[in-house]
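Undergrad: Here the protein sequences come in this chain order: V and C.
Note that this note's numbering has the first sequence beginning at 230, numbered continuously upward.
Note that this note's numbering has the second sequence beginning at 230, numbered continuously upward.
Take this structure, written in structure tokens, and hold onto it; I'll ask about it next.
2 protein chains.
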Amino acid sequence: MTGHVSSTSQDRLAPPAFSFEVLSRSRQCYARCGRLTTPHGTVDTPVFMPVGTRASVKGLTPRQLTDVSVSMVLANTYHLLLRPGAEVVAELGGLHRFMGWDAPLLTDSGGFQVFSLSSLRRIDDDQVEFASHIDGQPVRLSAAKATQVQNALGADIIMAFDECVSLPCEPQRLRLAVERTLRWARQSRQAHRRSDQWMFAIVQGGTDRALREFCCDELINMDFPGYAIGGLSVGESPEAMIQTVAFTACRLPEARPRYLMGVGSPRDLVRAIEHGIDMFDCVMPTRNGRNACAFVREGTLKLRNEQYKRQDGPLDEQCDCYACRNFSRGYLRHLFLVNEMTGPILVSLHNLAFYQRLMAQARQAIRQDRFADWARPWRDYGRAPHAGDACRDH
Amino acid sequence: MTGHVSSTSQDRLAPPAFSFEVLSRSRQCYARCGRLTTPHGTVDTPVFMPVGTRASVKGLTPRQLTDVSVSMVLANTYHLLLRPGAEVVAELGGLHRFMGWDAPLLTDSGGFQVFSLSSLRRIDDDQVEFASHIDGQPVRLSAAKATQVQNALGADIIMAFDECVSLPCEPQRLRLAVERTLRWARQSRQAHRRSDQWMFAIVQGGTDRALREFCCDELINMDFPGYAIGGLSVGESPEAMIQTVAFTACRLPEARPRYLMGVGSPRDLVRAIEHGIDMFDCVMPTRNGRNACAFVREGTLKLRNEQYKRQDGPLDEQCDCYACRNFSRGYLRHLFLVNEMTGPILVSLHNLAFYQRLMAQARQAIRQDRFADWARPWRDYGRAPHAGDACRDH
Numbered sequence: 230m231t232g233h234v235s236s237t238s239q240d241r242l243a244p245p246a247f248s249f250e251v252l253s254r255s256r257q258c259y260a261r262c263g264r265l266t267t268p269h270g271t272v273d274t275p276v277f278m279p280v281g282t283r284a285s286v287k288g289l290t291p292r293q294l295t296d297v298s299v300s301m302v303l304a305n306t307y308h309l310l311l312r313p314g315a316e317v318v319a320e321l322g323g324l325h326r327f328m329g330w331d332a333p334l335l336t337d338s339g340g341f342q343v344f345s346l347s348s349l350r351r352i353d354d355d356q357v358e359f360a361s362h363i364d365g366q367p368v369r370l371s372a373a374k375a376t377q378v379q380n381a382l383g384a385d386i387i388m389a390f391d392e393c394v395s396l397p398c399e400p401q402r403l404r405l406a407v408e409r410t411l412r413w414a415r416q417s418r419q420a421h422r423r424s425d426q427w428m429f430a431i432v433q434g435g436t437d438r439a440l441r442e443f444c445c446d447e448l449i450n451m452d453f454p455g456y457a458i459g460g461l462s463v464g465e466s467p468e469a470m471i472q473t474v475a476f477t478a479c480r481l482p483e484a485r486p487r488y489l490m491g492v493g494s495p496r497d498l499v500r501a502i503e504h505g506i507d508m509f510d511c512v513m514p515t516r517n518g519r520n521a522c523a524f525v526r527e528g529t530l531k532l533r534n535e536q537y538k539r540q541d542g543p544l545d546e547q548c549d550c551y552a553c554r555n556f557s558r559g560y561l562r563h564l565f566l567v568n569e570m571t572g573p574i575l576v577s578l579h580n581l582a583f584y585q586r587l588m589a590q591a592r593q594a595i596r597q598d599r600f601a602d603w604a605r606p607w608r609d610y611g612r613a614p615h616a617g618d619a620c621r622d623h
Numbered sequence: 230m231t232g233h234v235s236s237t238s239q240d241r242l243a244p245p246a247f248s249f250e251v252l253s254r255s256r257q258c259y260a261r262c263g264r265l266t267t268p269h270g271t272v273d274t275p276v277f278m279p280v281g282t283r284a285s286v287k288g289l290t291p292r293q294l295t296d297v298s299v300s301m302v303l304a305n306t307y308h309l310l311l312r313p314g315a316e317v318v319a320e321l322g323g324l325h326r327f328m329g330w331d332a333p334l335l336t337d338s339g340g341f342q343v344f345s346l347s348s349l350r351r352i353d354d355d356q357v358e359f360a361s362h363i364d365g366q367p368v369r370l371s372a373a374k375a376t377q378v379q380n381a382l383g384a385d386i387i388m389a390f391d392e393c394v395s396l397p398c399e400p401q402r403l404r405l406a407v408e409r410t411l412r413w414a415r416q417s418r419q420a421h422r423r424s425d426q427w428m429f430a431i432v433q434g435g436t437d438r439a440l441r442e443f444c445c446d447e448l449i450n451m452d453f454p455g456y457a458i459g460g461l462s463v464g465e466s467p468e469a470m471i472q473t474v475a476f477t478a479c480r481l482p483e484a485r486p487r488y489l490m491g492v493g494s495p496r497d498l499v500r501a502i503e504h505g506i507d508m509f510d511c512v513m514p515t516r517n518g519r520n521a522c523a524f525v526r527e528g529t530l531k532l533r534n535e536q537y538k539r540q541d542g543p544l545d546e547q548c549d550c551y552a553c554r555n556f557s558r559g560y561l562r563h564l565f566l567v568n569e570m571t572g573p574i575l576v577s578l579h580n581l582a583f584y585q586r587l588m589a590q591a592r593q594a595i596r597q598d599r600f601a602d603w604a605r606p607w608r609d610y611g612r613a614p615h616a617g618d619a620c621r622d623h
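This is the structure we're talking about:
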């Protein structure tokens, strides 16, 4: 339990060391390499965080995550608020201890899920009332509540409550969401009670440059230790997405971490790193893994296809993950066809290894100042015709 | 891949070393400790084999099995015959390589599944015709075919084809099943083609002592290197089961391994060891694990119960498995309530650790000649009133 900060160590006089340093910058683009330090350890950026929605990355133990070099994990406030409830997590020692993850941890604000998963009942400038997606029970969430919940969960990094709209969206509605996001960022900050947690703010504004810049500037005035770009991958085109990342990221303070929420494919990650993003989370490697879709250097493999039935090579010759070192494509295909849990487990593990290696390679390319060269072939990743074998979301 | 014997090494002149030695005997009962040597390594007996029906122990990787001291695994011929087919497994390097398990491996004969899972279409003295439980397609299985399939799969120990009836059963029908089992044992032996596999025969005969003894004597005349007791845990009472084990086991050759198929609960295992059984397989630890039922020293815990919601201790204070060292009862309960795969995974892992520890303790008690004393408290295992908390099958 090295580096573990229990909830009893909330000493306001000696706040635990948080820091973010940019260590290398590409001279070819905005890509940068950094180091994020939290009370539960240090992570190299750019970093990809697997999603542990309900305090578990689906199918994988913390040890398996560590084995594929995962350094930081995200969990969802909305889901944990509903089950088992923040007070249960707190009583069982906080989120780190609850889920057996001693390394850095981030919780989102719940905003995205409230607007995407639940049936909204009422929303005003002060709070959101929604019907739980589990039992329809009414639940209220506000900036203060979302912050209290995240304080109780105890992740190293927590997020200000925000309003996330799906795109396309009426300009007026989008503007209202930005105004609420700003109000709620202020309220979240005010409600925040733990010095052993860093709170990041979330920039909203759809694909509207003026709105994004306005939101950036207002949040920067509030002086958060880090900033996220939210409200993307919600219906806009990939080009609009990356353009928005580009003009938003370069408006954010150079010295603070920049986190692109909910993105994305390997191609998206590489392009976003090019524009100076430091942190990512996405369900893609684990969700695709559960759906028998494996990421390999050449593209994606849909393992249910007949063509893999007798292939005795690993998913990826160059991968050193446990799945690739021990099992053939033919065996993994078999596991999916007979509905054995080990199929989803092993391919999720491999996909996370693939994502972590991608990030390690990106960091090395930045350090060696050859990022643009390294990134070039990734622009077409998943686009090449690969025997009609592309996975969903590609 | 130490000890790995590929299908190219079927050298009839230099058969790989198989052996079974009894190393210690209890002076209080028939319990004994031994060592079974196979081309893929050596296992200490009494040994418990987890069930990897479709070439995967549900939810667990081979590494996780090794972590909880599993030394030998069983896979099902019937299931692998249907999917992916024995020739696919052979083409992918044989069952060991296919499932990434380099240690000893046993396949059953398919007999039990043919009679319990499929819709039987026709049975005569030469073969069984059944409808696949997957797609209803007609499949035929005979002693020769079951042996060819097992030769292609390549497990270290394979089983002669047998007829297994459910109990209670008409005496005449039971007698017919024994006669067929004897005929098929002879035919299985004749069809067997690999010297790097040991073939065991299966004793049938329900709970009828005379029939069991007849079946034993006939099979012993055929001189198999090991003998299994089949046809139990198929509807008879626990008392009838253990009596049958008692009078059958003591009829079997002292120097050959004795394997009780498909049994059982911790209590069953301890009682069967007392009567001289060396090998076991059962789905109970993994099936119960998937159903949120954990084995601990005091009995079984149904983790979905509200009482575990806020318990921050491990499943079992005395267990050193990964699940017990890292997670609370409250967290494991949460995983089941929100349907996270890691719930079934972690409790299956713990239950296997529990079973393996039970066997290790039994072996040690035999070596120290205090088996009967050690076994006594296990007689009531799972029977004590444990807050109405007993799992299914207990």
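Ideal Cβ positions, reconstructed from N, Cα and C, are used throughout, including at glycine.
Computed from a predicted model, the values in this text were never measured in an experiment.
Here's the rule: buried if 16 or more other CB atoms are within 10 angstroms of the residue's CB, otherwise exposed. What is residue 536(C)?
TA: For the purposes of this step, residue 536(C) is taken as residue 307 along the second sequence, with counting starting at 1. Flag for residue 536(C) reads exposed.
Undergrad: So what does residue 266(V) bridge to, in DSSP terms?
TA: By one-based count along the first sequence, residue 266(V) stands at place 37. Bridge partners of residue 266(V): 248(V), 271(V).
Undergrad: Taking the beta carbon of residue 502(C) as the centre, do at least 16 other beta carbons fall within 10 Å, making it buried, or is it exposed?
TA: For the purposes of this step, residue 502(C) is taken as residue 273 along the second sequence, with counting starting at 1. So residue 502(C) counts as buried.
Undergrad: Check whether the Cβ atoms of residue 430(C) and residue 414(C) sit closer than 7 Å, and answer yes or no.
TA: Walking along the second sequence from the start, residue 430(C) turns up at place 201. Walking along the second sequence from the start, residue 414(C) turns up at place 185. Yes, the Cβ-Cβ distance between residue 430(C) and residue 414(C) is below 7 Å.
Undergrad: Comparing C-alpha positions only, which one of 526(V), 553(V), 539(V), 567(V) sits nearest to residue 559(V)?
TA: Taking the first residue of the first sequence as 1, we reach residue 559(V) at position 330. Checking every option, the nearest Cα to that of residue 559(V) belongs to 539(V).
Undergrad: So, helix, strand or coil for residue 535(C), using DSSP?
TA: Walking along the second sequence from the start, residue 535(C) turns up at place 306. Reduced to three states, the DSSP call for residue 535(C) is helix.
Undergrad: Anything in chain V within Cβ reach of residue 570(C), meaning under 9 Å, just list it in chain order.
TA: Numbered from 1 along the second sequence, position 341 holds the residue referred to as residue 570(C). 285, 287, 288, 289, 519, 570, 573, 574, listed in chain order.
Undergrad: Pick out whichever of 317(C), 491(C), 611(C), 544(C) has its Cα sitting closest to the Cα of residue 582(C).
TA: Residue 582(C) sits at position 353 when you count from the first residue of the second sequence. Among 317(C), 491(C), 611(C), 544(C), the Cα nearest to that of residue 582(C) belongs to 544(C).
Undergrad: Answer with yes or no whether the minimum CB distance from residue 567(V) to chain D is below 7 Å.
TA: Judged by its chain identifiers, the structure shown contains no chain D, and its protein chains are V and C.
Undergrad: Any idea if residue 295(V) is buried or exposed, counting beta-carbon neighbours within 10 angstroms, 16 or more meaning buried?
TA: Reading the first sequence from its first residue, position 66 is the one you call residue 295(V). So residue 295(V) counts as exposed.
Undergrad: At 3 residues or longer, and completely inside the segment 552-618 of chain C: list those beta strand (DSSP E) runs for me, N to C.
TA: DSSP runs (the beta strand (DSSP E)) wholly in the segment 552-618 of chain C: none.
Undergrad: Does residue 564(C) get closer than 7 Å to chain V when you measure Cβ to Cβ?
TA: In the second sequence, the residue the question calls residue 564(C) occupies position 335. So yes, residue 564(C) belongs to the interface.
Undergrad: Can at least three beta-carbon pairs, one atom from the segment 352-370 of chain C and one from the segment 321-335 of chain C, be found at a separation below 8 Å?
TA: No, they do not touch.
Undergrad: Consult DSSP for residue 398(V) and reduce its assignment to one of helix, strand or coil.
TA: The count along the first sequence starts at 1 and reaches residue 398(V) at position 169. Coil at residue 398(V), not helix or strand.
Undergrad: Does the beta carbon of residue 321(V) sit closer than 7 Å to a beta carbon anywhere in chain C?
TA: Working through the first sequence from its first residue, we reach residue 321(V) at position 92. With 7 Å as the cut-off, residue 321(V) counts as an interface residue toward chain C.
Undergrad: Looking at the C-beta of residue 329(C), does it have a partner C-beta in chain V at a distance below 7 Å?
TA: Mapped onto the second sequence, residue 329(C) falls at position 100. By this cut-off, residue 329(C) is an interface position.
Undergrad: Could you tell me the alpha carbon to alpha carbon distance between residue 587(C) and residue 350(V), rounded to whole angstroms?
TA: Numbered from its first residue, the second sequence carries residue 587(C) at position 358. Numbered from its first residue, the first sequence carries residue 350(V) at position 121. Approximately 54 Å between the Cα atoms of the pair.
Undergrad: Count the other C-beta atoms from every protein chain shown that fall within 10 angstroms of the C-beta of residue 497(C), then say buried if there are 16 or more, exposed otherwise.
TA: Taking the first residue of the second sequence as 1, we reach residue 497(C) at position 268. When all chains shown are included, residue 497(C) counts as buried.
Undergrad: Is the CB-CB distance between residue 555(V) and residue 329(C) below 7 Å?
TA: As a first step, residue 555(V) is located in the first sequence; it is residue number 326 there, counting from the start. As a first step, residue 329(C) is located in the second sequence; it is residue number 100 there, counting from the start. Yes, Cβ-Cβ distance for residue 555(V) and residue 329(C) is below 7 Å.
Undergrad: Taking the beta strand (DSSP E) that residue 510(V) falls in, what are its first and last residues?
TA: Taking the first residue of the first sequence as position 1, residue 510(V) is located at position 281. Start and end: 508-510.
Undergrad: Does the segment 448-459 of chain V come into contact with the segment 387-396 of chain V, if we say contact requires no fewer than three beta-carbon pairs (one atom in each stretch) closer than 8 Å?
TA: Counting Cβ pairs under 8 Å, three or more are found: they touch.
Undergrad: From 352(C), 260(C), 392(C), 483(C), pick the residue whose C-alpha is nearest to that of residue 602(C); which is it?
TA: The count along the second sequence starts at 1 and reaches residue 602(C) at position 373. The candidate whose alpha carbon is nearest that of residue 602(C) is 260(C).
Undergrad: Could you tell me if residue 568(V) is buried or exposed, where buried requires 16 or more neighbouring beta carbons within 10 angstroms of its beta carbon?
TA: What you label residue 568(V) is simply residue 339 of the first sequence in a count that begins at 1. Exposed is the call here.
Undergrad: What's the call for residue 580(V), buried or exposed, on a 16-neighbour Cβ count within 10 Å?
TA: Sequence index remark: in the first sequence, residue 580(V) carries index 351 (1-based). Buried is the call here.
Undergrad: I want to verify the contact list: residues of chain C whose CB lies under 8 Å from the CB of residue 200(V), in sequence order.
TA: Lying outside 230 to 623, the shown extent of chain V, residue 200(V) is not represented and no answer is given.
Undergrad: Buried or exposed: where does residue 542(C) fall if 16 or more other Cβ atoms within 10 Å of its Cβ makes it buried?
TA: Position 313 of the second sequence holds residue 542(C). Exposed, since its Cβ has fewer than 16 Cβ neighbours within 10 Å.
Undergrad: Looking at C-alpha atoms only, which residue of 254(V), 358(V), 298(V), 257(V) is the closest neighbour of residue 227(V)?
TA: With chain V represented from 230 up to 623, any question about residue 227(V) goes unanswered, as that position is not in the structure.
Undergrad: Would residue 521(C) be called buried (16 or more neighbouring beta carbons within 10 Å of its own) or exposed?
TA: Numbered from its first residue, the second sequence carries residue 521(C) at position 292. Buried, because 16 or more other Cβ atoms sit within 10 Å of the Cβ of residue 521(C).
Undergrad: Would the beta-carbon of residue 307(V) fall within 7 Å of that of residue 342(V)?
TA: Residue numbering aside, residue 307(V) sits at position 78 when the first sequence is read from its first letter. Residue numbering aside, residue 342(V) sits at position 113 when the first sequence is read from its first letter. In contact: residue 307(V) and residue 342(V) (Cβ atoms closer than 7 Å).
Undergrad: Quick check on DSSP: helix, strand or coil for residue 345(V)?
TA: Taking the first sequence and counting its residues from 1, the one referred to as residue 345(V) is at position 116. Of the three classes helix, strand and coil, the one that applies to residue 345(V) here is helix, per DSSP.
Undergrad: Mind pulling the chain C residues with CB within less than 8 Å of residue 551(V)?
TA: In the first sequence, the residue the question calls residue 551(V) occupies position 322. Those are 290, 292, listed as they occur along chain C.
Undergrad: DSSP three-state call for residue 363(C): helix, strand or coil?
TA: For this step, residue 363(C) is matched to residue 134 along the second sequence. Looking at residue 363(C) - three-state DSSP - the assignment turns out to be coil, as it is neither helix nor strand.
Undergrad: For residue 184(V), does the count of other Cβ atoms within 10 angstroms reach 16, so buried, or fall short, so exposed?
TA: Not covered by the structure: residue 184(V). The range shown for chain V is 230 to 623.
Undergrad: Who are the Cβ neighbours of residue 574(V) in its own chain at under 6 Å, not counting the five residues just before and after it?
TA: If you number the first sequence from 1, residue 574(V) lands on position 345. For residue 574(V), where only same-chain residues beyond five positions count, the Cβ hits under 6 Å are 288.
Undergrad: With distance defined between alpha-carbon atoms, name the residue in 392(C), 437(C), 409(C), 432(C) nearest to residue 400(C).
TA: In the second sequence, counting from the first residue as 1, residue 400(C) sits at position 171. Measuring from the Cα of residue 400(C), the nearest candidate turns out to be 437(C).
Undergrad: For residue 237(V), does the count of other Cβ atoms within 10 angstroms reach 16, so buried, or fall short, so exposed?
TA: Position 8 of the first sequence, counted from the start, is the residue given in the question as residue 237(V). Low confidence applies to residue 237(V): its pLDDT is 43, below 50, so where it sits in the model is not reliable enough to give any reading.
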